[in-house]
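Residue numbers (the working numbering): 1 to 205.
Quick reminder that beta carbons are idealized off the backbone N, C-alpha and C, glycines included.
Notes follow the structure.
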């Protein structure tokens, strides 16, 4: 199994699954810090220098497990998501799609932009899932199983995503069902009228 330390956030998996069971909490969007995801990485630990400076004051001090607010999201993940070490929430889901806002920001820049199909490394593990499991969009290998229940974290998280049909019934769908209902009613009406005519003809004969 490929190592994902030190940028590991397995507790975020549990936090997210519990949060999804409780329900979404909508929070005010916070701006991402400029250059927070810059590629400079002096100690080559996969945590950008700019992020480490916010987390602990220098370009080489973070371990990837710091979690100042104890919410299950490592500080090194919160900083690029929304600007500081306490700003992200595992329960905040503005569009109620099953993907936490902070993960959507990391994937594509806003609270509501992900379609859950983004996959930068083509490993069939969605980018948002990888961010939740281990902090980057390419770090998970699909074997992670934090609660040791035999179901991978990737599979459990992917199962949380809600389809468009689950979120809302669109006007197009409503119109389709109305049209189908109208067609059925029309067909039934025609059949009844035809039967009555035939019955009337038989009586008069």
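Query	Result
Check whether residue 138 and residue 120 have beta carbons under 7 Å apart	yes
Cβ neighbour criterion (16 or more within 10 Å) applied to residue 39	exposed
Residue span of the alpha helix (DSSP H) that contains residue 78, given as start and end	75 to 82
Range of the contiguous alpha helix (DSSP H) that encloses residue 54	49 to 56
Opening and closing residue of the alpha helix (DSSP H) in which residue 146 lies	Segment: none, residue 146 is in no alpha helix (DSSP H) and carries neither H nor E.
Given residue 206 as reference, the closest of 92, 84 and 143 once Cα atoms are compared	For residue 206 there is no data in the structure shown, the boundaries of the chain being 1 and 205.
Separation of residue 140 from residue 125, as counted between CA atoms	8 Å
Buried or exposed by the 16-neighbour rule on C-beta atoms within 10 Å, applied to residue 77	buried
Nearest-angstrom Cβ-Cβ length linking residue 144 and residue 136, presumed shorter than 8 Å	The Cβ separation is near 13 Å, so there is no contact.
Expected contact under 8 Å - CB spacing of residue 104 and residue 114 to nearest Å	4 Å
Limits of the alpha helix (DSSP H) - the one that residue 101 falls within	101 to 108
Cα-Cα separation between residue 94 and residue 161, rounded to whole angstroms	13 Å
Whole-angstrom distance between residue 134 and residue 149, CA atom to CA atom	19 Å
Residue 23, buried or exposed, once every other Cβ within 10 Å from all chains shown has been counted against 16	With a pLDDT of 48 at residue 23, under the threshold of 50, the modelled position of this residue cannot be trusted; read the value that follows with caution. Looking at its Cβ environment, which holds fewer than 16 other Cβ atoms inside 10 Å, residue 23 is exposed.
Pick from 122, 99 and 46 that is closest to residue 111, judged by C-alpha positions	99
Exposed unless 16 or more other CB atoms sit within 10 angstroms - verdict on residue 72	buried
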